[in-house]
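Asks: Once you've had a glance at the structure underneath, I'll fire off some questions.
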Amino acid sequence: TVSFHDDSDEDLLNV
Amino acid sequence: LSPALDVLFLETFYKATNPLNKDLDWDGINAFCEQLNKELEGPPLATRLLAHKIQSPQEWEAIQALTVLESCMKSCGKRFHDEVGKFRFLNELIKVVSPKYLGSRTPEKVKSKILELMYSWTLGLPHEVKILEAYQMLKKQGIVKC
Chain C
4 TVSFHDDSDE
14 DLLNV
Chain L
-19 LSPALDVLFL
-9 ETFYKATNPL
1 NKDLDWDGIN
11 AFCEQLNKEL
21 EGPPLATRLL
31 AHKIQSPQEW
41 EAIQALTVLE
51 SCMKSCGKRF
61 HDEVGKFRFL
71 NELIKVVSPK
81 YLGSRTPEKV
91 KSKILELMYS
101 WTLGLPHEVK
111 ILEAYQMLKK
121 QGIVKC
């Protein structure tokens, strides 16, 4: 599942 | 939120997550969930407050905040689900479980409660795709033990 880019949000933190 | 509501909102939150509480303050938790659901700014403000408390090194304070989060996800509406389902909030949970961030000094009980909650949301809220994406990333990184 790839989420659309939501301007009102951040990107997923990569750990 | 008008200043008066702001104070009431914060008071309710800090009452429900007070580290001095002997037990879970269900009245306070339910009152907070009700309030956040009524206020337009409730969900974003609540997630900021919750993220901060969940990252507390004090286990009891973090567990109370996670209980508030769990209850509100059950009793509050879509606006709160959408706010929790943003990476802006999910990233704060990820920091708590990730050894690269706060994971090494976070109590196991807090980390497993977060993973348990995230897993339950992937089942209960399948349309919140970012929660699933975050959970799958944690699985890939071996932070989630099957």
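For the record, the sequence lines run as chains C and L. My numbering applies: residue 4 is where the first sequence begins, and numbers increase by one. My numbering applies: residue -19 is where the second sequence begins, and numbers increase by one. Note that beta-carbon positions come from the ideal geometry of N, C-alpha and C, so glycine has one too.
#1: Excluding the 5 residues flanking C:Thr4 on each side, which residues of the same chain have their C-beta closer than 7 angstroms to its C-beta?
#2: Taking only three categories from DSSP, how would you classify L:Glu41?
#3: Cα-Cα, which of L:Lys58, L:Pro24, L:Leu16 and L:Lys93 is closest to L:Gln128?
#4: Are the region -11 to 7 of chain L and the region 82 to 92 of chain L in contact at 8 angstroms, needing three or more beta carbon pairs?
#5: Note down the Cα distance separating L:Val48 from L:Val(-13), rounded to an integer number of angstroms.
#6: When DSSP labels each residue in this structure, what does L:Glu19 get in the three-state scheme?
#7: Using DSSP with H/G/I as helix, E/B as strand and the rest coil, what is L:Glu108?
Replies: A quick look at the data gives this:
#1: Confidence at C:Thr4 is low in this model, with a pLDDT of 45, below 50, so the placement of that residue is unreliable and no value is reported for it.
#2: helix
#3: Lying before the first or after the last residue shown, residue 128 of chain L is absent from chain L, which here runs from -19 to 126.
#4: no
#5: 18 angstroms
#6: coil
#7: coil
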